[in-house]
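J.: Take this structure first; my questions come after.
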Amino acid sequence: MYSEHAPQVPVQRAVEVHQPTPYPPAVATPAPVVPVQPGTVPTVASIVLPDGRVVTGYAIEPASPEPVTAKPAVSRAAVNVALGGIGFLAVCGGLILLTSFIAALTAFITQLIILATVIFGGWIAVQIFSTSGHQGGTTVNIRKAVIKRNHFHS
């Protein structure tokens, strides 16, 4: 019994070999001469690799990092936060004084209202309970009235 998914035998293909195409030799052109200050020509160094090859070249000094500029002892952000805190405290002091002034003014106005109420109430009481002067209203003489059978006739 054969399955459709049976492993297939790989087909051998012909191996193609490519030969490198040689480039024509480059025409030796002299390298451009770079003017160098006397005494600044770098020294030539040779290194022997583990497989025996010798590599010769100029020694390159490692690039020195940029000098770090001195940072201030205190950062600008810290100075700004401190100045903001001082300003906030100054404003809070002013607000405390303002609220104290408003509370004192409110108490003064309350005392004036109470004083006016006492004076005006006293004046009204004097007007009501004083015996001098004309008393308003209708005067009815009850003694002259005649009462008959629980009816009041004047």
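Each step along the sequence shown adds one to the number in the working numbering, with nothing skipped, and position 137 is 138. Built from N, CA and C at the ideal position, the CB exists for glycine as well.
Considering only their Cβ atoms, is the gap separating Val-56 from Ser-47 smaller than 8 angstroms?
T.: Looking up residue 47 in the sequence shown gives position 46. Looking up residue 56 in the sequence shown gives position 55. Result yes, Cβ atoms of Ser-47 and Val-56 sit closer than 8 angstroms.
J.: Whole angstroms is fine: what's the gap from His-59's alpha carbon to Tyr-24's?
T.: For the purposes of this step, residue 59 is taken as residue 58 along the sequence shown, with counting starting at 1. For the purposes of this step, residue 24 is taken as residue 23 along the sequence shown, with counting starting at 1. Note that residue 59 corresponds to Tyr in the displayed sequence, not to His. C-alpha separation (whole angstroms): 29 angstroms.
J.: Would you tell me roughly how many angstroms separate the C-alpha atoms of Gln-128 and Val-119, rounded to the nearest one?
T.: As a working mapping, residue 128 is identified with position 127 in the sequence shown. As a working mapping, residue 119 is identified with position 118 in the sequence shown. Approximately 14 angstroms, taken between the alpha carbons.
J.: Tell me Ile-48's beta-bridge partners as DSSP assigns them.
T.: Translated into positions along the sequence shown, residue 48 becomes position 47. Val-56.
J.: If you draw a straight line from the C-alpha of Phe-130 to the C-alpha of Gly-122, how long is it?
T.: Numbered from its first residue, the sequence shown carries residue 130 at position 129. Numbered from its first residue, the sequence shown carries residue 122 at position 121. So the two alpha carbons sit approximately 12 angstroms from each other.
J.: Cα separation between Ile-110 and Leu-116?
T.: For the purposes of this step, residue 110 is taken as the residue at position 109 of the sequence shown. For the purposes of this step, residue 116 is taken as the residue at position 115 of the sequence shown. Each residue's alpha carbon lies about 10 angstroms from the other.
J.: Using only the alpha-carbon positions, how far apart do Val-18 and Gly-53 sit?
T.: Reading the sequence shown from its first residue, position 17 is the one you call residue 18. Reading the sequence shown from its first residue, position 52 is the one you call residue 53. If you take the alpha carbons of Val-18 and Gly-53, they lie about 32 angstroms apart.
J.: So what's Thr-22 in DSSP terms, helix, strand or just coil?
T.: Sequence index remark: in the sequence shown, residue 22 carries index 21 (1-based). Note: Thr-22 maps to coil in three-state DSSP.
J.: Whole angstroms is fine: what's the gap from Trp-124's alpha carbon to Ile-114's?
T.: Here residue 124 refers to the residue found at position 123 of the sequence shown. Here residue 114 refers to the residue found at position 113 of the sequence shown. Near 15 angstroms, if we compare the C-alpha coordinates of Ile-114 and Trp-124.
J.: The alpha helix (DSSP H) spanning Ile-115 covers which residue range?
T.: For the purposes of this step, residue 115 is identified with residue 114 of the sequence shown, where counting begins at 1. Segment 77–130, the alpha helix (DSSP H) holding Ile-115.
J.: Alpha carbon to alpha carbon, what distance is there between Thr-100 and Ala-87?
T.: What you label residue 87 is simply residue 86 of the sequence shown in a count that begins at 1. What you label residue 100 is simply residue 99 of the sequence shown in a count that begins at 1. Here the sequence assigns Ile to residue 87, which means Ala is not the residue at that position. About 20 angstroms.
J.: Any chance the CB of Val-55 is under 7 angstroms from a heavy atom of the ligand GDP?
T.: What this structure holds is no ligand at all, so the ligand GDP is not there to describe.
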